[in-house]
Each structure stands twice: as structure tokens, then as C-alpha cells.
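Heads up: the structure comes next, in C-alpha cells.
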């Protein structure tokens, strides 16, 4: 029996002792997964039965949609108790879920130190380094010796779970070095920190975008990263587990743009909410389609004289769509991973155009042959082939330019691979094809 | 001046001393990035000027396409020197690039220990835990005391860069526990390991797929993970920096399926190679388009009697395409991240169908109204609306079923969001629409 079914039965039977035993045997990540499968009432009931530490872990591990529901269901006192137990970054994320008045009520119930930590973290915008960082860290003055650093770790051992190094600071709390646990193990207790520490390899400021933070982690192979303010003062640190979540989130975001839906669709929401999340993109597609219909109507004369012209509409638009997606995907991906540096942008765009034109030429030639062989119509084959080449050129220019333009205007370039651009392209492709056919209408029988 | 331009100038001028000075000032990740911008000859020349350690880092950090070129350009002795300097996982990846005969020649030049390590790693299939793992680790017998573990770290300090814990093994080298550096810092030197170590939280076997390994890292918030064979014997460990690369690679792979191109397109290859990489998908789209043309020709009679029927082909196929991509994306993503567990598959599929039908109904209704108002044709409006509902049903069933079927047959489900399925859907959508129109041809004027 799956864990969530087991929990469900025990909850229904009110078997509190058995529930506690089952929960104690499982890793918190398994509990978080089972938790997602329960319904809202079961989740609330279960959370109240768990000890506060486990409850806080399970709450933090849940999807945001579930957290929102739970935050509504729990009392202020219950929320405050959970927040008190969390790491500061998770505590801030939890408080962020609440309405302003509810935040104030929960703040009143928190210990002063927790309140000030959370308030300091809430200042930072979502999806920045400041949002990812936690304030729990081990920092020690540069004049200390190794034995004092060891003593510090002993004091902090309970509070800090993922401890990979000790930060060395000056009297103004500016970061001057880092000390890895490995070096602490190897150093003699009486050694001054200055003799063992290394200068900080890389730091970030709280304003940095989380995608950029993930890039820094990958580039320098980090497990944790100190965050300093503009004056170099140590304000927090980011750990790699949160960065893996960011990478997952960013990949999901890109893919949701691609598929033409918001991120609601990926959360365990109800049918109506998901429907509302996707409908705008479908309506967009519909208007695109109706516009295409209107364009086809505009060329009614040509089409009724030569119906076979209509047969090749799908051929032309499919090619334009495919080429456009290939080009824009390369650019969007390059921008997202940072591989697309300014130095190489022009070279890459030229390469894209060369690839697309080459492929367009091949496909156009094959189509020309196919139409000729099939319908024996040289003129129609030429019109289709010329249209395809034009469409390919348009699709690959817009496919590379649109993501770059979107980025310049501060919009996520990933939208360039989504339905808005593809719908627009369909309309343009159709107009190009029918326009060329109309231009050469005297050649077409 | 960008670093790669600076390097290029110094290389051209043969200013070896200046080059070495510039290189020494930069982080290896910056060098790897600049390296990507140089041409093949410059890369070879630069690599020969670097000290072996930096050269090995730069080589390991380069894209696979660049590594292949370099492996061709370097002599066996130069390759062996680099491999000797690398961590075992990177050494194995490098040897894997070579042809069998070249591998043998390089093996002859390696030290015996390196050779046997690399040979052991090469046994594992690509993209598995065994491929990701390195054999460099700190393992110590369970009867030891803390002081001995510290001594072990001292010995291994040079060899092992990312050391987060010590593995505790029994006399048969089976993993029995782990000891974090933090606990070592806090423990007294005379304490037995048994008193301090914790049982291994999670282990994987070398056969596990790398995507699954990444999921384990995220689930348990790990920075390193021991790999054990079927008998529980410790054979290696995986570190989180490689897992971040895997996550990036898997996201890229999913997106390349989406956009209908191989992974070559993302590598710094030449135009011809990229063109060859994308052409198959374009040809596929072309054949789909030609098949659509053939179907349209089949309904020539109906279309010439009522040309306005042709106007709505883009409306119907766009909706089917968009709904299909939305549904399949949810399933593909759910399978990739492991959120889509078997317990919840049926519920999710039902939810998908409900969302799609609801949306299809809304869009169908709007279209019916639009056609009626525009052309004043109630019958045509009904045919288009009924077709749209049918197409939506088909698109959302196949959108959810195809990824699940692909997975059952061992194919990457991400193909379900790519051109093969969308092209097929276009053809089916067109047939449904024209079929329904033909069926009700007597109602259409």
C-alpha cells in the first residue's frame, strides 16, 4: 500500500499512535510526496499530529499551491510555531504566502529574533539571491584561531544543517575569507584563521536574479555561496539544494512558455483554475486561426480559380513554424544558460541564418519536385517553392530576433517559442504564400 | 577587451610569458568560456602552453564537440598527460571520446593505477550513476578512531577536491556509515568512528539512470552520494556539481525534442553538421504537409462547392495542436520530474481530459458565434464547432496517452511534444474536420 493510502486510512481511523509511528519511520521527502496525494482536510489533520520539526519540514517541502491552502487552514498560532522551526529562507517564503494583516498577526507571535530575521529577508524581491538566501551561517572574526572556529561550529551545530564552511569577517562584518571544514579538520587548533583561510572565491549581492545565481553555482561548482551587500558586508548564504530547485523551476518555466500555459497547470490545482490558466493561449490561437480564415477569404478569387493553391497552405505554414521554433529555441536556450554571450551573438545569428537557408533550400527543392511530379504543374511548384524559401528566411530572422528583442525590453525571451509568436508567424506565412501566388496569378492556370 | 580576444592576440604574437600571466589571473571557468570562442588551432596552441593542471581543467570544462576536436589534435602522450591529471570521472569521459585503438595507446602511457581506475569506470553505460561517479573518495574501516580519519583526510587532501564526508566501510568494503566533516570537527580525536558515524541515508547502484540520480539529489538535498554495487560494496561517489550538469543536460534534451532537433544544434558545430541535425524533422513536417495536401485534394468536390470550408482549416488544426501540446507537456514534465507517480496517473489523466473538454467547449462556442456572425452560416458554424470539440477530445487523449506509451516502450516521452506527434495530429485534425463536413454536406449550402 502506498504511503499516502496508509496515512489516509490511519487518519480516518483516528489511529494517532500508529500514525506517529509510521511517520517516524519515513524520510521527510517521502512524507512530502505522500502529503501531495492527500486531500486538504487530511493534510491539515496530519500536520497537526506531527511534531513541529517534522511538520515544518513537510510544509516547506510541499508545492506552493498546497502551502497556500494550508496557510489558510492553520491558525496564526500554528503558523507561527511552524515558522519558528524553519530555516530563515523557508520561514520568509512561508510568511510571504500570507495577507499583510495575517503577516502582522503571525509576526506578533514570533520570537523577536525570528521576526527580525524574517523581516530582513522579506525586503528582497522574489526570485533573487536575497530571496534564496538564509541568514543561518557560521561567521567569525578574522583575529580568531581555529579552536574558536571549532567552538563556534559546536554552538551552531543544532541550528545549521548544511554547514560546509565558516565565513571570516572583519570588525565591520565585511567578508574577508572562507574556511572550509576540510581545512579546519587539518589545521592545528592554535593556528590563526588568517593562516588557513582563503579569500572568498566568488560572492553575489542580494539583488542578483536567481537564474544568474544558478549559473554562478554551475560555473564555479559550488555547494554554498556567500551573499554580501554593496559594502561587502556578509548578509546571508545560499546553499546548493535551493539552487537545484531553482534550476528545476526555471526549466519548468521555460517549458510552460513553450507549451502556451501558465505555471498553474503544473501545480495540483482544480480543473477550473487550470482551465483559466490555459484558456488565454487557446483564445490567442483561435484569433490567429480566424485571422487566417479572413486572409483566405480575401484571396477567394484566386482560390476558387485554382483550388489546388489551398492544398499547399499546410505545407508552407508547417515549414515556417518548424524553422522558427528551431531558431528561437537555440537563442532562448543560449540566453538562459548564458552560453549566448554578447561576443558571439552576431556569429550565432549568422550561423542560424545559414543553417535555415540551407535547409529551406533543400526542403523547397524537394517540394518543387513533389508538386511537379504529383500535379504536373511547374508554375504551382515554383510558387510553392519560392514561398517556402521566403517563409524560411522570415521565420529564421524573426526566430532569432524576437527572443533578443524581448530580452531587451525585459520580457522573458522564452515567450518567443510560445503560441504568440507561432500564431503570428502562421498568419505571416499564409500572407506570404498567397501574396506570391497572387503576384504570379497569370502564370497559374 | 574580452578574454578570448586578448588570448587570441597574445597567441598570434607568440607572447608566451604574457599568456601564462593572463591565464594565471583567471578562474578556470572563465578560461573554459574564452576557450569556446577560439578556433581549433588557437585552442590546441593555448592548451600546450598551459600547465598540465590548468589544461586538464580547461579540457574537462569544454563542450563535448570541442573536446572531440582537441582529442584529434593532441598526441597520445599529451592526452595521457591530461588524463593523468583529471579526476577519475573526467578521465573516463575523456578516454571515452577516443577510438578503441587510440584508447589502447593512451592506456599504455598511463600509470597502472590510473589505467585500472579508468577501465573500471568505462564499464558503466553512459548517462548512468556509474558514468557520473568518481572513484576518488575517503573510506575508512569501521574499527578506526577519529584521529585516523583525520589522518586519512590529510593524506587525501591533495587528491580529492570536493570532500564533504568520509565513508565508513567494513572488512569487505561494504558501506556501513558516513561521517560528515562537521561531526569530525566536533568529535574528540580518540572517539571510535562507530560512536559518531551515521548510517548511510541513501545510496544508489551504478546502473541507475542519471535523471533518477538527479531526482535523488533533489529529494534528499544532497551534496554527494555514495555508489554501491549489488553486494553493498562502495565503488564510488557522485558530487552535486556533476548533478547540476545533468539537470542542465536533461532540460536541454527535453527542449531539443520539443523543438524538433537533435542535440548537435546546441553544440558549437559547423553549419553543415547542424543542418543535417535538423533536416530530418523538417522533412517529417514536409511529408505531413504533403499528406495534408493530398487529403484536401480528396475533398476537392466539397471544397469547390463550398470554398469557405477551406477557410477554417487553420482554426481547427491550431486548436488541436495547442491542446495537444498543453496536455502532453504536463505528462512529459510530470514523468521527467517524478511528480507523476503511478498512484496519481489516472487522476491526472481524468483532470487533463476535464480541462481540455471544458476549454474546447468554450472555444467551440466562441467559434460557432464568430462564424455565424461573420458569414451568417449556421450550418458551417455548427460543423466547425463540432469538429473542434472532436479534435480537442482526440488531442487531449493522445496528448496524455502518447507520452505514457512511449515510456512503456522505452522511448523518451519528450518526443511526444515534438514534431512527429504534432504533424500526425495535424493530419488527423484535418481528416476529422473534412470528414464531419462531408458527412453533413447536405446541410451545407
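Protein chains in written order, with the numbering used here: chain A, -9 to 435; chain B, -9 to 435. Here a beta-carbon is modelled for each residue, glycine too, at the ideal position from N, C-alpha and C. Here the structure is a predicted model, which means the values were calculated and not measured.
Neighbour list for residue i in chain A, Cβ cutoff strictly below 8 Å
i	result
residue 210(B)	17, 19
residue 238(B)	208, 237, 327
residue 290(B)	297
Sequence-distant residues of the same chain with beta carbon closer than 6 Å to residue i, five excluded per side
i	result
residue 380(B)	422
residue 384(A)	none
residue 233(A)	204, 207
residue 321(B)	390, 393
residue 69(B)	96
residue 213(A)	154, 230
Proximal residues of chain B, C-beta to C-beta of residue i below 9 Å
i	result
residue 270(A)	The premise fails here: residue 270(A) is roughly 10 Å from chain B at the closest Cβ pair, so nothing lies under 9 Å.
residue 469(A)	Coverage of chain A is limited to positions -9 through 435, which leaves residue 469(A) absent and any answer about it impossible.
residue 248(A)	245, 248, 249, 315, 319, 407
Closer than 8 Å at the beta carbon, the chain B residues around residue i
i	result
residue 57(A)	Within 8 Å Cβ-Cβ: nothing; residue 57(A) doesn't reach chain B, min ~16 Å.
Residues of its chain near residue i, where Cβ-Cβ distance is below 7 Å and the 5 sequence neighbours each way are ignored
i	result
residue 365(B)	298
residue 16(A)	-7
residue 165(B)	157, 159, 190, 193, 216, 218, 222, 224
residue 198(A)	118, 119
residue 319(A)	407
residue 67(A)	99
residue 78(A)	107, 108, 111, 124, 125, 126
residue 181(A)	135, 136
residue 410(B)	274
Which of helix, strand or coil DSSP assigns to residue i
i	result
residue 169(A)	strand
residue 234(B)	helix
residue 179(A)	coil
residue 150(B)	coil
residue 163(B)	coil
residue 484(B)	This structure cannot settle anything about residue 484(B), because the visible part of chain B is limited to -9 through 435.
residue 401(B)	coil
residue 212(B)	coil
Reference residue i; option with closest CA among the options
i	options	result
residue 347(B)	286(A), 340(A), 261(A)	261(A)
residue 312(B)	259(B), 326(B), 386(B), 283(B)	386(B)
residue 326(B)	107(B), 240(B), 63(B)	240(B)
residue 63(B)	168(B), 37(B), 148(B)	37(B)
residue 201(B)	418(B), 402(B), 369(B), -1(B)	402(B)
residue 275(B)	142(A), 295(A), 357(A)	357(A)
residue 367(B)	418(B), 433(B), 398(B), 303(B)	433(B)
residue 271(A)	-5(A), 58(A), -4(A), 413(A)	413(A)
residue 378(A)	388(A), 363(A), 396(A), 355(A)	355(A)
residue 76(A)	105(A), 90(A), 91(A)	105(A)
residue 426(A)	376(A), 405(A), 415(A)	376(A)
residue -1(A)	14(A), 21(A), 32(A)	32(A)
residue 245(B)	55(A), 6(A), 324(A)	324(A)
residue 328(B)	19(A), 7(A), -3(A), 11(A)	19(A)
residue 73(A)	172(A), 309(A), 43(A), 178(A)	43(A)
Closer than 8 Å to chain C by CB, residue i
i	result
residue 296(B)	Annotation note: the requested chain C is absent from the structure, which comprises protein chains A and B.
Cβ distance (whole Å) where residue i is taken to contact residue j below 8 Å
i	j	result
residue 237(B)	residue 204(B)	5 Å
residue 226(B)	residue 127(B)	7 Å
residue 316(A)	residue 301(B)	Actually they are not in contact, since the Cβ atoms of residue 316(A) and residue 301(B) sit about 29 Å apart, beyond 8 Å.
residue 361(B)	residue 371(B)	4 Å
residue 140(B)	residue 175(A)	6 Å
residue 303(A)	residue 374(A)	Their Cβ separation, rounded to whole angstroms, is 10 Å, which puts residue 303(A) and residue 374(A) out of contact at 8 Å.
residue 50(A)	residue 80(A)	4 Å
residue 168(B)	residue 188(B)	6 Å
residue 9(B)	residue 39(B)	6 Å
Partner residues on chain B for residue i, Cβ-Cβ distance less than 7 Å
i	result
residue 230(A)	213, 230
residue 436(A)	Nothing can be reported for residue 436(A): it is not among the residues displayed for chain A, which extend from -9 to 435.
residue 275(A)	308, 309, 312
residue 286(A)	300, 301
residue 129(A)	Within 7 Å Cβ-Cβ: nothing; residue 129(A) doesn't reach chain B, min ~16 Å.
7 Å Cβ cut-off: residues of chain A touching residue i
i	result
residue 265(B)	345, 348, 349
Nonlocal neighbours in the same chain, by C-beta distance under 8 Å from residue i, ignoring five residues either side
i	result
residue 428(A)	289, 292
residue 273(B)	none
residue 285(A)	417, 420, 421, 424
residue 396(B)	402, 403, 405, 406
Partner residues on chain A for residue i, Cβ-Cβ distance less than 9 Å
i	result
residue 234(B)	204, 207, 208, 211, 230, 233, 234, 237
residue 416(B)	304, 308
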